[in-house]
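Working notes, structure below.
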Amino acid sequence: MFDNSIFGLRKLPMKAKKTGTLSVDEAIIQNIEEVEQQKELKLINLISEIIVNATLRELNETSDQVSEI
Numbered sequence: 089m090f091d092n093s094i095f096g097l098r099k100l101p102m103k104a105k106k107t108g109t110l111s112v113d114e115a116i117i118q119n120i121e122e123v124e125q126q127k128e129l130k131l132i133n134l135i136s137e138i139i140v141n142a143t144l145r146e147l148n149e150t151s152d153q154v155s156e157i
């Protein structure tokens, strides 16, 4: 990587490169973790919706049977 200076571009020291790379790697890891959390939340919401729909359907069917009697 290069850093701006008065005289143009100069090469950054190796340690600065590694530190910059680590922060980029950490940002990527954090981004991946956030995406995974969003996927988990969507899955939980989907499972909850399926359970609620199944429960409501069952209650609706049982209430229809009770009203027929």
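Heads up: the sequence shown begins at 89 in the working numbering, then just goes up one per residue. Glycine is no exception: its CB is placed at the ideal position from the N, C-alpha and C atoms.
Quick check: what's the CA-CA separation for residue i versus residue j?
i      : j      : result
GLU114 : VAL140 : 39 Å
ALA142 : GLN126 : 24 Å
LEU144 : ILE138 : 10 Å
ILE117 : LYS130 : 20 Å
VAL123 : SER151 : 42 Å
SER136 : GLU146 : 15 Å
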